[in-house]
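Remarks on the structure that follows.
There are 4 protein chains.
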Amino acid sequence: MSEEAPARRRQARGQRRMEQLTDAAAEVFAEAGYARATTNAIAARAGVSPGTLYQFFKNKEALAEALATRYREQLRAAHEKAFDVGYAQLPLPELIDRMAAPMIQVNLDNPGFKALFADAGMPERLAAPTRALHQAVVGKIEEVLAARAPSLPAAERRTTAVVATQIFGALLGTVVSAAEEEREIWIRELKRALQRYLEPVIA
Amino acid sequence: MSEEAPARRRQARGQRRMEQLTDAAAEVFAEAGYARATTNAIAARAGVSPGTLYQFFKNKEALAEALATRYREQLRAAHEKAFDVGYAQLPLPELIDRMAAPMIQVNLDNPGFKALFADAGMPERLAAPTRALHQAVVGKIEEVLAARAPSLPAAERRTTAVVATQIFGALLGTVVSAAEEEREIWIRELKRALQRYLEPVIA
Amino acid sequence: MSEEAPARRRQARGQRRMEQLTDAAAEVFAEAGYARATTNAIAARAGVSPGTLYQFFKNKEALAEALATRYREQLRAAHEKAFDVGYAQLPLPELIDRMAAPMIQVNLDNPGFKALFADAGMPERLAAPTRALHQAVVGKIEEVLAARAPSLPAAERRTTAVVATQIFGALLGTVVSAAEEEREIWIRELKRALQRYLEPVIA
Amino acid sequence: MSEEAPARRRQARGQRRMEQLTDAAAEVFAEAGYARATTNAIAARAGVSPGTLYQFFKNKEALAEALATRYREQLRAAHEKAFDVGYAQLPLPELIDRMAAPMIQVNLDNPGFKALFADAGMPERLAAPTRALHQAVVGKIEEVLAARAPSLPAAERRTTAVVATQIFGALLGTVVSAAEEEREIWIRELKRALQRYLEPVIA
DNA sequence: TATGAATGAGTGTTCATTCAT
DNA sequence: TATGAATGAACACTCATTCAT
Numbered sequence: 001m002s003e004e005a006p007a008r009r010r011q012a013r014g015q016r017r018m019e020q021l022t023d024a025a026a027e028v029f030a031e032a033g034y035a036r037a038t039t040n041a042i043a044a045r046a047g048v049s050p051g052t053l054y055q056f057f058k059n060k061e062a063l064a065e066a067l068a069t070r071y072r073e074q075l076r077a078a079h080e081k082a083f084d085v086g087y088a089q090l091p092l093p094e095l096i097d098r099m100a101a102p103m104i105q106v107n108l109d110n111p112g113f114k115a116l117f118a119d120a121g122m123p124e125r126l127a128a129p130t131r132a133l134h135q136a137v138v139g140k141i142e143e144v145l146a147a148r149a150p151s152l153p154a155a156e157r158r159t160t161a162v163v164a165t166q167i168f169g170a171l172l173g174t175v176v177s178a179a180e181e182e183r184e185i186w187i188r189e190l191k192r193a194l195q196r197y198l199e200p201v202i203a
Numbered sequence: 001m002s003e004e005a006p007a008r009r010r011q012a013r014g015q016r017r018m019e020q021l022t023d024a025a026a027e028v029f030a031e032a033g034y035a036r037a038t039t040n041a042i043a044a045r046a047g048v049s050p051g052t053l054y055q056f057f058k059n060k061e062a063l064a065e066a067l068a069t070r071y072r073e074q075l076r077a078a079h080e081k082a083f084d085v086g087y088a089q090l091p092l093p094e095l096i097d098r099m100a101a102p103m104i105q106v107n108l109d110n111p112g113f114k115a116l117f118a119d120a121g122m123p124e125r126l127a128a129p130t131r132a133l134h135q136a137v138v139g140k141i142e143e144v145l146a147a148r149a150p151s152l153p154a155a156e157r158r159t160t161a162v163v164a165t166q167i168f169g170a171l172l173g174t175v176v177s178a179a180e181e182e183r184e185i186w187i188r189e190l191k192r193a194l195q196r197y198l199e200p201v202i203a
Numbered sequence: 001m002s003e004e005a006p007a008r009r010r011q012a013r014g015q016r017r018m019e020q021l022t023d024a025a026a027e028v029f030a031e032a033g034y035a036r037a038t039t040n041a042i043a044a045r046a047g048v049s050p051g052t053l054y055q056f057f058k059n060k061e062a063l064a065e066a067l068a069t070r071y072r073e074q075l076r077a078a079h080e081k082a083f084d085v086g087y088a089q090l091p092l093p094e095l096i097d098r099m100a101a102p103m104i105q106v107n108l109d110n111p112g113f114k115a116l117f118a119d120a121g122m123p124e125r126l127a128a129p130t131r132a133l134h135q136a137v138v139g140k141i142e143e144v145l146a147a148r149a150p151s152l153p154a155a156e157r158r159t160t161a162v163v164a165t166q167i168f169g170a171l172l173g174t175v176v177s178a179a180e181e182e183r184e185i186w187i188r189e190l191k192r193a194l195q196r197y198l199e200p201v202i203a
Numbered sequence: 001m002s003e004e005a006p007a008r009r010r011q012a013r014g015q016r017r018m019e020q021l022t023d024a025a026a027e028v029f030a031e032a033g034y035a036r037a038t039t040n041a042i043a044a045r046a047g048v049s050p051g052t053l054y055q056f057f058k059n060k061e062a063l064a065e066a067l068a069t070r071y072r073e074q075l076r077a078a079h080e081k082a083f084d085v086g087y088a089q090l091p092l093p094e095l096i097d098r099m100a101a102p103m104i105q106v107n108l109d110n111p112g113f114k115a116l117f118a119d120a121g122m123p124e125r126l127a128a129p130t131r132a133l134h135q136a137v138v139g140k141i142e143e144v145l146a147a148r149a150p151s152l153p154a155a156e157r158r159t160t161a162v163v164a165t166q167i168f169g170a171l172l173g174t175v176v177s178a179a180e181e182e183r184e185i186w187i188r189e190l191k192r193a194l195q196r197y198l199e200p201v202i203a
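Protein chains in written order, with full-length UniProt numbering: chain A, 1 to 203; chain B, 1 to 203; chain C, 1 to 203; chain D, 1 to 203.
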């Protein structure tokens, strides 16, 4: 029809290729860790040749970065849902519920990502943005605390937010790596742990 | 003096070399992760040639294993101190105090080890015993719970022990990587978090 | 023309590469022996990089194995020609002629192979099949002896076959390493030696 | 007693060390071939440290050379016995007997040497003198032929001598590597083969 | 002399990346 | 765009040789 149709079709194909590749990378990285994963293995898993991989990604790091971006974007979207909440009014258990649920979902949708981005073998360039994201979560929790426990000194507020994030992160790992039939148990316990930790502060 | 003097001196030198090497390995592994660490870099850091490294360690894995063993042995000793406690009588805060302190100390003495042995790029042979150790901690906590919260159903007891261990591990990481002047704050918060989590169970 | 053309062309190139590499390996192995030959030297001789060598051969041993297989297959074909002979009827000189000719030809076509596969530095996995082949030759000669010298006791038959094979092998080495213009002389003498050794037995 | 006694004693000890080392080298070379044998293994087998080995031998090659020299000297002595024979008069079988016996004995006394010095992995410097020795044997046989078959043209005389030497060498290998209880059989067959080959020439 | 720890060049092999087709 | 053969810098590891003791 239009003369732009082939270009669009081409672009669509390119999009598909990139997804094939990032999906394959996600699998291979998850199985082997960043350092042990080979780009040839990723290309093979995606059903393309190594050359093709390098037409879409500058190098191995760029692949991981794409993965990280995809993960981070989903997380950011989850954050928005999680924190864009009239949290001032909610009772603590429900507050935690609403905050935790989308984050858990993202990690269930992206198994292995959490482990990957905690990997010691990861190049610093990739670890940094992940830490930034982590800090963003801490910041959000600080905001909640500021609203709900206004009398808490700033220093303690930060400490509390960091610890809550750490607890959340650690138990998130347990949830994600758990067998499906046990998952609910771990999710309930994750929430319970956060409640017990935050209750005396938020009251 | 004695004719055995040179042998003893040589052995002492060997001992020193091994320590130089494991120390260098600890540093390099901690900085780069297992997979990215190169044996030549470790040798260079220790101030010796690659050949010398291989006179003391069969291969890269053996180096990591030596490190793991050293770490595990210190941890095991810490466990003994931590759990060989008349815990039946102690109030919860002190119980947590006594359990946490030696474990924290070991990890402060061995910075980077915790991160290393969580590394996804680690050969399974080395990851497995570390997981076993983790399980042992869980088991110990279960024992404590059995003694102090006998009415808790077994399933919940296990869940609680696992979660307490995870919380401890996560916050231990924060403690170890914190600047020295902030460390006390994080240690206090670690204990507080555990207390709040366990209090409703132990009563 | 066809869409399969590039694939075919690629395969042809692969075939050529393998030949380049086995040829180079044959040269380098022959010059230096198995153990002193380096894979990098073989790659260089073939005009390719070390990585390319390893795209076609799993490791050094596989290269030698390919060579061994090529050699053995030619030898086996030669055996068939050599021994699939109505030998019951032929006079001894002609019998020897027919048996020796194809074996000699194979070794002239593959200079250095005989030496290589007698190399003490060779991995056992490769030496074993070569010994098996040697035994096969002995067995064939025993068959001939059984047919042509039925009164010879079995033990002596075997001894005679072994010795004939050894004589043949030794003089084959002389033939192969001789200057071309002298080769005929050595071939004639090889046959003469076998005749003189076997004549009193076969009568 | 005398002031030279300690020097002499020292020298005697040195002599013993050299023998320990060459003996050890003979074993290790025979087991592993020249290239795969390690000087450290040789030192260990001799019960000394690597440093000591290098106090007596400049390098690995020098060790092999010492071995070669020892072997060659024994062979030379054997030659003298073998060929310093009033061969003009002896009947062929006895002539062969006398020539073969000492050579066989040397090789039985030095198992593995023959194989070692035929090793393709051997440095040229060591292979050359061995070839020279081989040529000497050929020369001696030519002399015998000149005396016993004066009508044989020089060219044929040489050819015959070379082939006789090759046959002898090949079957010598069989003799040396045979189990002890079979050795006599192979020695007899060796002589028989030589007889049959030389009989028509020497008449 | 004797030791054995130390050396370091060199080996087989891998894998991120490029490029001719 | 896609291919996959080709590259070559690195890596883990070995071993002939040296040297402080």
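Note that the Cβ used here is the ideal one computed from N, Cα and C, for glycine as well.
Note that the structure is predicted; figures quoted are calculated from it, not measured.
Buried versus exposed, by CB contacts within 10 Å (16 or more), residue i
| i | result |
| --- | --- |
| M47/B | The amino acid occupying residue 47/B in the given sequence is Gly; Met does not appear at that position. It is exposed - the Cβ of G47/B has fewer than 16 other Cβ atoms within 10 Å. |
| residue 240/C | This structure cannot settle anything about residue 240/C, because the visible part of chain C is limited to 1 through 203. |
| M1/C | Caution applies to M1/C, whose pLDDT of 43 falls short of 50 and renders its modelled position unreliable; the value that the coordinates give is listed next. Exposed. |
| N40/B | exposed |
| G51/B | exposed |
| Q135/C | exposed |
| G173/C | buried |
| G14/A | exposed |
| R157/C | buried |
| T38/A | exposed |
| A78/C | buried |
| A161/D | buried |
| A25/B | buried |
| A193/B | buried |
Best match in the options for proximity to residue i [C-alpha to C-alpha]
| i | options | result |
| --- | --- | --- |
| L75/C | A41/C, P129/C, N40/C and I42/C | P129/C |
| A154/B | G14/B, R36/B, P93/B and V201/B | V201/B |
| L116/D | R16/D, Q11/D and G33/D | G33/D |
| L133/A | E73/A, F57/A and D23/A | E73/A |
| residue 257/C | Q20/C, E61/C, G169/C and E65/C | Only positions 1 to 203 of chain C appear in the structure, and residue 257/C is not among them; the question remains open. |
| A164/A | V176/B, L171/B, P93/B and V162/B | L171/B |
| M18/A | V137/A, P102/A, A77/A and F57/A | F57/A |
| I187/B | D97/B, F113/B, E31/B and A30/B | D97/B |
| V175/B | S49/B, R192/B, T69/B and I104/B | I104/B |
| D23/B | M122/B, A35/B, I185/B and A64/B | A64/B |
| M122/C | V138/C, F29/C and A101/C | F29/C |
| Q166/D | A146/C, E189/C and S49/C | E189/C |
| L53/C | A35/C, R16/C, E80/C and A78/C | R16/C |
| R131/C | E80/C, A68/C and A77/C | A68/C |
| A35/A | A193/A, E61/A, G169/A and A78/A | E61/A |
| E27/C | Q11/C, A12/C and R45/C | R45/C |
| T159/D | A178/C, A147/C, T159/C and P102/C | A178/C |
| E124/D | A25/C, L108/C and E31/C | E31/C |
Other residues of its chain near residue i: CB distance less than 8 angstroms, five sequence neighbours each side excluded
| i | result |
| --- | --- |
| F83/B | M99, K140, E143 and V144 |
| L90/D | R98 |
| Y71/D | V106, N110, F113 and F117 |
Beta-carbon proximity list for residue i, same chain, < 7 angstroms, skipping 5 on both sides
| i | result |
| --- | --- |
| L92/B | Q195, L198, E199 and I202 |
| S49/B | A43 |
6 angstroms CB neighbourhood of residue i in its chain, flanking five on each side removed
| i | result |
| --- | --- |
| R66/A | The question names Arg, yet the displayed sequence has Ala at residue 66/A. If we look at A66/A and ignore the five residues flanking it on each side, its Cβ neighbours are T22. |
| I185/C | none |
| V137/D | T165 |
Beta strand (DSSP E) runs contained entirely in the region 51-134 of chain D, provided each spans 3 or more residues: none
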